[in-house]
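Letter by letter, the sequence shown follows residues 1 to 641 in the UniProt record's numbering.
All C-beta atoms, glycine included, are put in the ideal place defined by N, C-alpha and C.
Please read these numbers as outputs of a predicted model, since none were measured by experiment.
Below is one structure; the comments refer to it alone.
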Amino acid sequence: MIYGRILQRAANSLKASFTVRLQTRYYSSTSMKTIGNSNEVSSSLPSLPVPPLADTLHRLKLAAIPFALSSQHYTEFCSLVNEFGAENKAGVKLHSLLQAKAAKSKNWLSEDWWTQKAYLEGRDSVMIWSNPAFIGPKVRIVGKDNVAYFVGKAITEALHFKQLLKEGKYPESGRICNDQYNKIYGTCRIPGETVDTIEYGDINDNNMNVVVARNNKFYEIVIPHIDLKDINNRLNVAQALCEQILHILNKNTVKEVPVGCFSSLPRSQWAKIYKKLNNESVNSIRKASFMVSLDHIDQDALFDSNYAANMGKQILHGDSRNIGNRWFDKTIQLIFVTSNGGEKLLGTGICYEHTPAEAGTVNPKRADAKLANPTLNVKSLDLIPPNNREEIVNLSQKAIDDYEAFVNTLDVDVLQFRNYGKELIKSLRLSPDSWIQVAICWAFYRMHKYFGISGACYETSSMRKFSLGRTDVIKSVTASLEKLCQEPNYTTLRAAIEQHKQLVNDVANGFGIDRIFLAFECIAKEVKEGVWKWSDARNILNKEDYELLNKLLTNEVYKESKYYRLSTSQVASRYADSFMCYGPLVKDGYGCCYNPAANQITFGLSAFQRDSGVADVHKFKSELSETLQEMNQMMLTHSKL
């Protein structure tokens, strides 16, 4: 995960440099992983392919098997798919138009459709529904000076990473597209009443400013451009930031109007309020390299009983006391959870706006630079114009009420499965990811006893082997998995895992299903509206073609296969207890993100339990743990035969 490793990078250096400060030992970063320049690799990657239509339709029929309620329903669905792909029918025409776009673009999906359809057109709140949270390793820092230095060092390391990206140095040296890295700093989503826009930062600029929020008050820290490749420069900047963070912790005791809470609202509501704010101050937030939130909670005990789950909630959506410290539109938001007026640091994490990028990792190395001793300026941001103050104060109470009603429907839990990890799975010559996916889907089946009614699983697959690649969907519920659920034994278990592994390879190589049909929908709409620009589309699609496409997209089997009650992804971390969490895709579904470490697997789980009356994240956690244990027992029993 791109953002997760920013925090991991900071945490590594924080531990080392923290040792420097407390024990006066010199910190060396020579042990850091070398980053290679991969601009040339990114530019030479192949374009996203368009698979043969017959292949896509064949995969669609296979993927639909577990979701047909009867053989008759499945036969009817297959007949509809065959009609769609017949000569001179809608499928052939749409496929031809997609090929025309693919021939003239680096990526027929990412350059326009994906950002627009997956993110900017969405009208729900980005909080929970879209923005994931990465929870860092458990920390306990005591002393306000030490807390301030920890935060200052984290900010410094994040800025250091930006400078490395500016030089074309990326953390992943294989043949993958690194374009997403260039879009995460200085980037901000802007709410619109009908559709949002996104304002990308420029990775090549020298902007190092950050915005810090504490007790609903926002501060811009103006940082002069300094080369951070030298460790001494980084230590000096961290110390200067420490002084400013300490100033904010000491000064800011009176809470302001929680303007940041508005960014948690549904997008159209937020857009109307956004226009009423002080544009100059809002612009400082938009242009900042990233956001820093300094949360404050009253009781350490809140985190002692179930630290991981409570930290997951705090980083994902905050609480009513600290929601004013958020700006959910900002791509990177570093969050530090403190208590006792900043005397203790209880945890760290990142909440990020998902539009510009997915996942990645980083571990930069040391480089030499001229020593610098910076002077930093801090500017308090007044987000409320005087003439709108009364109205915004009144609106803020309603926003807090709406926020609390929303977050109180979400349950978050964390499974730290310590019986085994990916090393044991590898010893069985099986894919850890496929093993875990089978466990998730099987646990769902055992708990809910069906796939045919809304039991589909969305697993995110990276498409970064292609130019400007984003993601596609691995449809993890397969016919082999369904057979395992009905006849659990060693043979069916291994078959389900192997089929999933093959599916992963197919999707990663461009043979997915969901994005192709998203493209077909977009093409049909653009042709109908007369805005298709990639080829001559006059008189290509007729009324029957639009009707046939709509008939397929509204077919019950097709809809069931895309009603993703399981939203899953792997986000690995060097810290075994770190994890990512996010909300479900649907109100009666589950979010399930996992970190497979050598000897344990950590799952961040979520469900709208109180809203759906169906999903129960705590029962799912228990079922998932039991399923993982039984899978291992099956393998052990077979090995003894």
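* **Helix, strand or coil at Tyr403 [DSSP, three-state]** => Position 403 of the sequence shown holds residue 403. In this structure, Tyr403 counts as helix in the three-state DSSP scheme.
* **Per-residue burial, Thr197 [other beta carbons within 10 Å of its own, 16 or more giving buried]** => Numbered from its first residue, the sequence shown carries residue 197 at position 197. So Thr197 ends up on the exposed side.
* Specify whether the stretch 560-580 and the stretch 593-609 touch according to this definition: at least 3 beta carbon pairs, one from each stretch, less than 8 Å apart. => yes
* Close Cβ partners of Ile392 (< 8 Å) along its chain, the five nearest in sequence each way excluded -> Locating residue 392 in the sequence shown gives position 392, counting from the first residue. Correct list, in chain order: Val257, Val259, Ile273, Lys276, Leu277, Ile384.
* Counted within 10 angstroms of its Cβ, other Cβ atoms place Val637 as buried (16 or more) or exposed -> In the sequence shown, residue 637 corresponds to position 637, counting from 1. One point to set straight first is that residue 637 is Thr, not Val, in the sequence displayed. Classification of Thr637: exposed, given that the 10 Å Cβ count is below 16.
* Alpha-carbon spacing of Phe579 relative to Ser606, whole angstroms -> Indexing the sequence shown from 1 puts residue 579 at position 579. Indexing the sequence shown from 1 puts residue 606 at position 606. Going from the Cα of Phe579 to the Cα of Ser606 covers about 13 Å.
* Name the one or two DSSP bridge partners that Lys379 has. => As a working mapping, residue 379 is identified with position 379 in the sequence shown. According to DSSP, Lys379 bridges with Glu220.
* Just the Cα atoms here: how many angstroms apart are Asn207 and Lys465? -> Taking the sequence shown and counting its residues from 1, one reaches residue 207 at position 207. Taking the sequence shown and counting its residues from 1, one reaches residue 465 at position 465. Going from the Cα of Asn207 to the Cα of Lys465 covers about 30 Å.
* **CB-CB length for Lys475 against Ala496, believed under 8 Å** => Here residue 475 refers to the residue found at position 475 when the sequence shown is read from its first residue. Here residue 496 refers to the residue found at position 496 when the sequence shown is read from its first residue. So it is not a contact: roughly 13 Å between Cβ atoms.
* Reduced DSSP secondary structure (H/G/I, E/B, other) of Lys619 -> The residue you call residue 619 lines up with position 619 of the sequence shown. Three-state result, Lys619: helix.
* Hey, could you find the ends of the alpha helix (DSSP H) Ile285 is sitting in? => Taking the sequence shown and counting its residues from 1, the one referred to as residue 285 is at position 285. Run containing Ile285: 279-287, per the alpha helix (DSSP H) assignment.
* In this structure, does DSSP put Gln600 in helix, strand or coil? -> Against the sequence shown, residue 600 aligns to sequence position 600. If DSSP states are grouped into helix, strand and coil, Gln600 belongs with coil.
* In the stretch 211-273, which residue ranges form an unbroken beta strand (DSSP E) of at least 3 residues, counting only runs that do not cross its ends? -> 217-222
* Asked: Do Gln239 and Gly152 have their C-beta atoms closer together than 8 Å?
  -> Counted from its first residue, the sequence shown places residue 239 at position 239. Counted from its first residue, the sequence shown places residue 152 at position 152. In contact: Gln239 and Gly152 (Cβ atoms closer than 8 Å).
* Where residue 695 sits in the DSSP three-state scheme -> In the structure as shown, the chain starts at 1 and stops at 641, and residue 695 therefore has no counterpart that could be examined.
* Heavy atom of the ligand FMN less than 7 Å from the Cβ of Lys559, yes or no? -> Among the components of this structure there are no ligands whatsoever, and the ligand FMN is therefore not found.
* Taking the runs of the alpha helix (DSSP H) that are 4 residues or longer, which of them lie wholly in the stretch 417-483? -> 422-427, 432-448
* **Coarse secondary structure for Ser326, derived from DSSP in three states** => Along the sequence shown, one-based indexing puts residue 326 at 326. Ser is not the amino acid found at residue 326; the sequence shown has Arg there. Of the three classes helix, strand and coil, the one that applies to Arg326 here is coil, per DSSP.
* Other residues of its chain near Tyr74: CB distance less than 6 Å, five sequence neighbours each side excluded -> Numbered from 1 along the sequence shown, position 74 holds the residue referred to as residue 74. Contacts found: Ala68.
* **Cut-off 6 Å between Cβ atoms - residues of its own chain near Ser284, not counting five sequence neighbours on either side** => Here the question's residue 284 lines up with position 284 in the sequence shown. Contacts found: Glu220, Leu381.
* Taking 8 Å as the threshold, find out whether the stretch 77-87 comes into contact with the stretch 308-324 through three or more Cβ pairs. => no
* With a 10 Å radius around its C-beta and 16 neighbouring C-beta atoms as the bar for buried, classify Asp230 as buried or exposed. => On the sequence shown, position 230 is the one that residue 230 refers to. With a 10 Å radius around the Cβ and a threshold of 16 neighbouring Cβ atoms, Asp230 comes out buried.
* Do Phe150 and Leu345 have their C-beta atoms closer together than 8 Å? -> On the sequence shown, position 150 is the one that residue 150 refers to. On the sequence shown, position 345 is the one that residue 345 refers to. Yes, Cβ-Cβ distance for Phe150 and Leu345 is below 8 Å.
* Is it right to say Tyr590 is buried, meaning 16 or more other beta carbons lie within 10 angstroms of its own, or is it exposed? -> Here residue 590 is taken as the residue at index 590 of the sequence shown, counted from 1. The residue in question, Tyr590, is buried, as its Cβ has 16 or more Cβ neighbours within 10 Å.
* Can you give me the Cβ contacts of Thr56 inside the same chain, cut-off strictly under 7 Å, excluding the 5 residues immediately before and after it? => Within the sequence shown, residue 56 is the residue found at index 56, counting from 1. Ile513, Ile516, listed in sequence order.
* Asked: Roughly how many angstroms lie between the CA atoms of Asp506 and Leu566, to the nearest whole one?
  -> Translated into positions along the sequence shown, residue 506 becomes position 506. Translated into positions along the sequence shown, residue 566 becomes position 566. C-alpha separation (whole angstroms): 20 Å.
* **Cross-strand partners of Gly347 (DSSP beta bridge)** => Counting from one through the sequence shown, the residue named residue 347 turns up at place 347. For Gly347, which the question treats as bridged, DSSP gives the partners Val337.
* **For Glu121, three-class secondary structure by DSSP** => Sequence index remark: in the sequence shown, residue 121 carries index 121 (1-based). Here Glu121 sits in coil by DSSP.
* N- and C-terminal bounds of the beta strand (DSSP E) containing Ala133 -> Translated into positions along the sequence shown, residue 133 becomes position 133. Taken as a continuous stretch (DSSP letters only), the beta strand (DSSP E) holding Ala133 covers 133-135.
* Please specify which runs of the alpha helix (DSSP H), each continuous and at least 4 residues long, are wholly inside the stretch 34-108, giving them in chain order. => 39-43, 53-64, 71-84, 90-103
* DSSP on Ser130, reduced to helix/strand/coil? -> Against the sequence shown, residue 130 aligns to sequence position 130. Reduced to three states, the DSSP call for Ser130 is coil.
* Nearest-angstrom Cα distance between Lys640 and Lys61? -> Locating residue 640 in the sequence shown gives position 640, where the first residue counts as 1. Locating residue 61 in the sequence shown gives position 61, where the first residue counts as 1. If I take the Cα positions, the gap works out to 39 Å.
* Asked: Under three-state DSSP, which class holds Ser606?
  -> Here the question's residue 606 lines up with position 606 in the sequence shown. In this structure, Ser606 counts as strand in the three-state DSSP scheme.
* To do: Output the distance between the C-alpha atoms of Gly324 and Pro66, rounded to the nearest integer angstrom.
  => Taking the first residue of the sequence shown as position 1, residue 324 is located at position 324. Taking the first residue of the sequence shown as position 1, residue 66 is located at position 66. Rounded to whole angstroms, Gly324 to Pro66 spans 45 Å at the Cα level.
* **Arg515 in three-state terms, based on DSSP** => In the sequence shown, residue 515 corresponds to position 515, counting from 1. Residue state, collapsed to three classes: helix.
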